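The structure under discussion appears below in the form of structure tokens.
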Amino acid sequence: MWKFTIRRLLIAIPQMFLLSLLVFFMAKSMPGDALTGLINNPDLPAEAVQELRVKLGLDNPWYIQYKDWILGALQGDFGNSFTRKMPVTELIGDRIWNTVWLSAMSTVLIYLMGIPLGIWSGKYHDTLRDRMITGYTYIGFATPLFIFALLMLLVFGFMLRWFPTGGSVAPGLEPGTWDYIVSKIYHLILPSFSIALIGLTGTVQYLRSEIIDTKQKDFVRLARSKGVSEKRLYNNHIFRNSLMPIAALFGYEITLLISGSIFVESIFTYPGMGQLFVQSITTRDFSVVTALVLISGFAFIIGGLLSDIIMSIVDPRIRIK
Numbered sequence: 000m001w002k003f004t005i006r007r008l009l010i011a012i013p014q015m016f017l018l019s020l021l022v023f024f025m026a027k028s029m030p031g032d033a034l035t036g037l038i039n040n041p042d043l044p045a046e047a048v049q050e051l052r053v054k055l056g057l058d059n060p061w062y063i064q065y066k067d068w069i070l071g072a073l074q075g076d077f078g079n080s081f082t083r084k085m086p087v088t089e090l091i092g093d094r095i096w097n098t099v100w101l102s103a104m105s106t107v108l109i110y111l112m113g114i115p116l117g118i119w120s121g122k123y124h125d126t127l128r129d130r131m132i133t134g135y136t137y138i139g140f141a142t143p144l145f146i147f148a149l150l151m152l153l154v155f156g157f158m159l160r161w162f163p164t165g166g167s168v169a170p171g172l173e174p175g176t177w178d179y180i181v182s183k184i185y186h187l188i189l190p191s192f193s194i195a196l197i198g199l200t201g202t203v204q205y206l207r208s209e210i211i212d213t214k215q216k217d218f219v220r221l222a223r224s225k226g227v228s229e230k231r232l233y234n235n236h237i238f239r240n241s242l243m244p245i246a247a248l249f250g251y252e253i254t255l256l257i258s259g260s261i262f263v264e265s266i267f268t269y270p271g272m273g274q275l276f277v278q279s280i281t282t283r284d285f286s287v288v289t290a291l292v293l294i295s296g297f298a299f300i301i302g303g304l305l306s307d308i309i310m311s312i313v314d315p316r317i318r319i320k
């Protein structure tokens, strides 16, 4: 187990290095640089601008600039925002936890709803119950997330007025109080359900297919021929083996939710990293965009690492000898 984890970590390190190089050169090819976010006076003499450029190391060779940039990023320093005139780290820090909580709540809802639906659909396949569940998953696969989120906002936010239509917490509440926590959760319900009701379709279909396939395997037939009860057969043999693909996708699920929340956060004006990403692209705030791309890329690599480790625990056969 430990050998597999160490090998997988060693593979992830060069992946992160290559990703950081890609993001760095992408930033270098874009108009503007770190100095753009520091100049407040457009009439500043060219000599003063050049002096600042030398002071910031922007005239250094690319490999020295990369070294300075990646060392700063590892310490949490991504430079300054071009448009907001503030440190990128401070700007992202205000929003990252909102996205984390939204993704976490969406993940919980996906598994709370998706696993029972997948089990029922697989256990009772080719019945009316199965056709209703698979019919919903087909509709979910065909429905874009932003269309579904707009529909949820229209119905439950504006028409029924059951949930707030924007923000992450009611104004005027003091952080850390019980009212503040309740308001945070209340503002999370509608956007997280919008993500979960579409995101669970993959979980349901994966689990349904695995259960139907596992029911037909020889070890299940053997256990049934020995008189094992159907309840015990499903709990100890079929369900346990069918959950392996779901466990393997857990790490990827979290990181995909972080990227997928871009549309939902924009629609619900939820102040998270997704909304910040869209705003930064619109205003061409490239220092913020590159920081968010780097963080998201690292999250995907870590998610893949987490999925591999979980899968190696669930199914030891895949471990590298």
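With numbering that gives the first Met the number 0 applied, the sequence shown covers 0 to 320.
For glycine and all other residues, C-beta sits at the position ideal for the given N, C-alpha and C.
These figures come from a predicted structure and were not determined experimentally.
N97 is not bridged by DSSP to any residue.
At the C-beta level, G166 and P270 come within 9 Å of one another.
No Cβ-Cβ contact shorter than 9 Å links K27 with Q74.
Nearest to G273 by alpha-carbon distance, out of F145, D178, L159 and K183, is F145. Here DSSP, grouped into helix, strand and coil, assigns N59 to coil. Short of 8 Å from the beta carbon of V292, and not among the five residues preceding or following it, lie these beta carbons of its own chain, in chain order: V22 and M25.
By the 16-neighbour rule on beta-carbons within 10 angstroms, D284 is buried. Assignment of P86 by DSSP, reduced to helix, strand and coil, places it in the strand class. By the neighbour-count criterion, in which 16 or more other beta carbons inside 10 Å mark a residue as buried, R231 falls on the exposed side.
Using a C-beta cut-off of 8 Å, the stretch 105-117 makes contact with the stretch 195-208, since at least three inter-stretch Cβ pairs fall below that distance. DSSP places K183 in the uninterrupted alpha helix (DSSP H) bounded by W177 to K214. Here V107 is exposed. Its C-beta has fewer than 16 other C-beta atoms within 10 Å.
If you draw a straight line from the Cα of V263 to the Cα of F147, it is about 9 Å long. Counting C-beta atoms within 10 angstroms of its own C-beta, V154 has fewer than 16 neighbours from the protein chains shown and is therefore classed as exposed. The DSSP assignment places 127-141 as complete runs of the alpha helix (DSSP H) inside the stretch 101-142, in order along the chain (cut-off: 4 residues). The beta-carbon distance between L172 and Y179, rounded to whole angstroms, is 4 Å. This is short enough to meet the 8 Å contact definition. At the C-beta level, G121 and I211 come within 9 Å of one another. When the Cα atoms are used, F16 and T289 turn out to be separated by approximately 15 Å. Taking 9 Å as the cut-off, the Cβ atoms of I294 and I95 count as close. Annotation for S279: the continuous alpha helix (DSSP H) segment containing it runs M272 to T281. From the listed residues S102, M104 and T136, the smallest Cα separation to G117 is found for T136.
Rounded to whole angstroms, L20 and I69 show a C-alpha spacing of 9 Å. In the DSSP assignment, S224 falls within the unbroken alpha helix (DSSP H) covering D217 to S224.
Excluding residues up to 5 positions away in sequence, G165 lie with their Cβ nearer than 6 Å to the Cβ of T268 in the same chain. Its chain contains F77, G78, N79, S80, S286, V287 and A290 as the residues whose beta carbon lies nearer than 7 Å to that of V87, once the 5 sequence neighbours on both sides are disregarded; these appear in chain order.
In the DSSP assignment, L149 falls within the alpha helix (DSSP H) that extends over L144 to M151. Rounded to the nearest whole angstrom, the C-alpha separation of E50 and D67 is 18 Å.
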